[in-house]
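Peer 1:
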Ligand SMILES: Cc1cc2nc3c(=O)[nH]c(=O)nc-3n(C[C@H](O)[C@H](O)[C@H](O)COP(=O)(O)OP(=O)(O)OC[C@H]3O[C@@H](n4cnc5c(N)ncnc54)[C@H](O)[C@@H]3O)c2cc1C
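In the working numbering, the protein residues as written are 147 to 687.
Put into structure tokens, the structure is as follows:
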């Protein structure tokens, strides 16, 4: 299969499916989208880059959830707790809706048989979901609801009709190499965030593909400056679960404790130290009783230690910070109303693929909001896409359509590049702490120049390893994401949320707005006032 051949003609396609709603991505956001669309009567196809139920970052983790019973004081405290951390960019009406929907959906999981543990008083504890059990249950439920799943089938391009409305997608099966097309009335992007192949737990399938495809169809992003989340991990492992480091002491190589590393701003101290010397850690503040509970609650946190023969409670080990980008950042595709519609007709976004500023501004804190957003926005996107598809009428899948987004597929040039080189060059701009964790005007400008050149290169060259179109599109997704990130970061001349700008270390009241970004060959950024993105009734069919 060569790049030029791929999807250039319909006869080249191995499998064509028709659907009302196509869901791209099978994590929590995608599976909730698929379930609610099917529940609203839509015929649904879900495609995943990996195996739906095990792929993505939720499947690999224990997920704290923003599950707050509907008691006014608890709800008020839950909403107030993160507003300052997020730089006051969130909206109360969105928070309330997410709290309500999360409460309902998590209770639905209990009704489906999710094995929630009980607390000391015997009450069910519903604030945490174990990824493997959660996602296995979601896969079962969507199959039961009649959703057709294509595993190992990354989407590569969106299809649009003559008016630019989104009408399906094309992709390839990574195991068989077969090309597929799904013609659908509407599409939901639930492809997660972008962690730039940093090897963070569960994140190596998250390469910004959904952002790229959405932008190619004309959608824009919001909050892409809030994209520099890094997770603490043992230097020899990919496990970025961070909760247990609350019971840790961080030290220099000689064993002296690093001042401030265990505080709320500890990650900044670790990053700062790491720029010049290695950082070590020991989880020495957990009682013996706690150690037992820790092992029971997060068994895979301990796997890399057991393999390396290290007892993290008694032995020091080296740590690093691994980039999680927009996965535990908050930027993503801009949604325009409560239906989770994007600015392009027929296209919806949910989960980490969509901006989470609406509920947590520029900082997600220690989890829980992401999981709540994924299941709530997925639920709404599914319901809305089903309604939109129903209103479009049964003939919609006979519309003439074409694929959009040519980068990686077509080039007029004979110049050759390698996807892996593009990926390494992009990582060199986004991994270093002194470029991305701590930002300044000079390094952002220099990085952006190089990233723009990389885009031109990938746009105007034949990709040499052209048998692997999936990798080429991943490389293009990462370059595009990095350009929106750093263009937005340059524009936000202040420090707010997770965006730390060394030239402007204070939060500036005049910049309490969102930054919208977009464009492919020409990237643009503009400020948009904080507004309550208003109600468009969710009418079910
Ligand atoms: C280590 C770790 C711990 C975390 N802990 C918490 C926590 O405690 N609480 C919390 O709220 N959040 C937590 N998060 C974040 C949370 O896991 C995510 O917010 C959540 O998983 C988002 O769900 P999602 O469905 O949007 O994305 P994901 O779960 O990442 O799923 C995305 C899916 O899209 C698929 N995909 C990607 N590209 C394509 C393509 N081109 N075509 C088809 N499919 C594609 C992937 O294979 C994947 O299955 C954690 C994240 C990490 C990394």
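Just so it is clear, CB atoms sit at the ideal spot from N, CA and C, and this is done for glycine as well. Computed from a prediction, not measured in an experiment: that's the story for all the values here.
Since residue 429 and residue 458 should fall inside the 8 angstroms C-beta cutoff, what is the C-beta to C-beta distance between them, to a whole number of angstroms?
Peer 2: The pair is a contact, with the Cβ atoms about 5 angstroms apart (cut-off 8 angstroms).
Peer 1: What are the partner residues of residue 606, as DSSP defines its beta bridges?
Peer 2: None; residue 606 has no bridge partner.
Peer 1: Enumerate in chain order the residues of its own chain whose CB-to-CB distance from residue 207 is below 7 angstroms, with the five nearest sequence positions on each side excluded.
Peer 2: Within the same chain, residue 207 has close Cβ partners 277, 347, 348, 387.
Peer 1: How should residue 362 be labelled, buried or exposed, when 16 other C-beta atoms within 10 angstroms of its C-beta is the threshold for buried?
Peer 2: With 16 or more Cβ atoms within 10 Å of its Cβ, residue 362 is classed as buried.
Peer 1: In terms of residues, what are the limits of the alpha helix (DSSP H) holding residue 617?
Peer 2: Element bounds for residue 617: 615-637.
Peer 1: In the DSSP assignment, what residue or residues form a beta bridge with residue 436?
Peer 2: DSSP, once it has assigned bridges, lists no residue as partnering residue 436.
Peer 1: Residue 482: beta carbon under 6 angstroms from a heavy atom of ligand 1?
Peer 2: Residue 482: no, Cβ never under 6 angstroms from ligand 1.
Peer 1: Do you know whose CA, among 509, 170, 180, 269, lies nearest residue 215's CA?
Peer 2: It is 269 whose Cα lies nearest to the Cα of residue 215.
Peer 1: According to DSSP, what are the bridge partners of residue 660?
Peer 2: According to DSSP, which records beta bridges pairwise, residue 660 is partnered with 674.
Peer 1: Quick check: the segment 467-475 against the segment 434-453, are there 3 or more CB pairs under 8 angstroms?
Peer 2: No, the segment 467-475 does not touch the segment 434-453.
Peer 1: Does residue 474 come out as helix, strand or coil in the three-state DSSP assignment?
Peer 2: The answer is coil: DSSP assigns residue 474 none of H, G, I, E or B.
Peer 1: Could you tell me whether the segment 478-493 touches the segment 360-374, where touching means 3 or more Cβ pairs closer than 8 angstroms?
Peer 2: Contact holds: three or more Cβ-Cβ distances are below 8 angstroms.
Peer 1: Looking at residue 335 and ligand 1, is the gap between the Cβ and the nearest heavy atom below 6 angstroms?
Peer 2: No, the beta carbon of residue 335 sits no closer than 6 angstroms to any heavy atom of ligand 1.
Peer 1: Give the secondary structure of residue 564 by DSSP, where H, G and I count as helix, E and B as strand, and everything else as coil.
Peer 2: Here residue 564 sits in coil by DSSP.
Peer 1: Taking a contact to mean a Cβ-Cβ separation below 7 angstroms, would you say residue 638 touches residue 233 in this structure?
Peer 2: No. Outside cutoff.
Peer 1: Considering residue 221, what are the terminal residues of the alpha helix (DSSP H) in which it resides?
Peer 2: That run of the alpha helix (DSSP H) goes 218-227.
Peer 1: Taking residue 276 as part of the alpha helix (DSSP H), name the residues at either end of that continuous run.
Peer 2: Per DSSP, residue 276 belongs to no alpha helix (DSSP H); it is in the beta strand (DSSP E), 274-276.
Peer 1: Could you check what DSSP says for residue 161 in three-state terms: helix, strand or coil?
Peer 2: Strand at residue 161.
Peer 1: Output the residue ranges of the alpha helix (DSSP H) runs that lie fully inside the segment 198-269 and measure 4 residues or longer, sorted by chain position.
Peer 2: Taking only runs of at least 4 residues, the alpha helix (DSSP H) segments lying wholly in the segment 198-269 are 218-227, 238-257.
Peer 1: Does the segment 573-590 come close enough to the segment 550-562 that 3 or more CB-CB pairs lie under 8 angstroms?
Peer 2: Output reads no: the segment 573-590 does not touch the segment 550-562.
Peer 1: Are the beta-carbon atoms of residue 635 and residue 590 separated by less than 7 angstroms?
Peer 2: In this structure, residue 590 lies closer than 7 angstroms to residue 635 by Cβ.
Peer 1: For residue 179, which of 226, 228, 293, 667 has the nearest alpha-carbon?
Peer 2: The option with the nearest alpha carbon to residue 179 is 293.
Peer 1: Note down, in chain order, each residue of its chain lying with its Cβ closer than 6 angstroms to the Cβ of residue 514, except the 5 sequence neighbours on either side.
Peer 2: Only 210, 211, 212 meet the Cβ criterion.
Peer 1: Please work out which residues of its chain come closer than 8 angstroms, Cβ to Cβ, to residue 404, disregarding the five sequence neighbours upstream and downstream, and give them in chain order.
Peer 2: These residues qualify, in order along the chain: 396, 397, 398, 415, 416, 419, 425.
Peer 1: Output the distance between the C-alpha atoms of residue 249 and residue 283, rounded to the nearest integer angstrom.
Peer 2: Distance between the alpha carbons of residue 249 and residue 283: 18 angstroms.
Peer 1: Tell me where the alpha helix (DSSP H) around residue 534 begins and ends.
Peer 2: Segment 515-538, the alpha helix (DSSP H) holding residue 534.
Peer 1: Using the DSSP secondary-structure output, state which residues sit across from residue 380 in a beta bridge.
Peer 2: Looking at the DSSP assignment, residue 380 forms a beta bridge with 465.
Peer 1: Would the segment 538-545 count as touching the segment 596-616 if we require 3 or more Cβ pairs under 8 angstroms?
Peer 2: Touching, no.
Peer 1: For residue 556, does the count of other Cβ atoms within 10 angstroms reach 16, so buried, or fall short, so exposed?
Peer 2: Residue 556 should be labelled exposed.
Peer 1: Could you tell me whether the segment 195-207 touches the segment 163-181, where touching means 3 or more Cβ pairs closer than 8 angstroms?
Peer 2: Yes, the segment 195-207 is in contact with the segment 163-181.
Peer 1: Ligand 1 heavy atoms versus the CB of residue 347: any closer than 6 angstroms?
Peer 2: Yes.
Peer 1: For residue 422, which of helix, strand or coil comes out of DSSP?
Peer 2: In this structure, residue 422 counts as coil in the three-state DSSP scheme.
Peer 1: Between the alpha carbons of residue 317 and residue 554, how many angstroms are there, rounded?
Peer 2: Each residue's alpha carbon lies about 13 angstroms from the other.
Peer 1: Less than 7 angstroms between the C-beta atoms of residue 477 and residue 344, yes or no?
Peer 2: Not closer than 7 angstroms, so no.
Peer 1: Compute the distance between the beta-carbons of residue 244 and residue 518, then report whether it is under 7 angstroms.
Peer 2: Cβ distance < 7 angstroms, so residue 244 and residue 518 count as in contact.
Peer 1: Any heavy atom of ligand 1 closer than 6 angstroms to the Cβ of residue 269?
Peer 2: No, ligand 1 has no heavy atom inside 6 angstroms of this Cβ.
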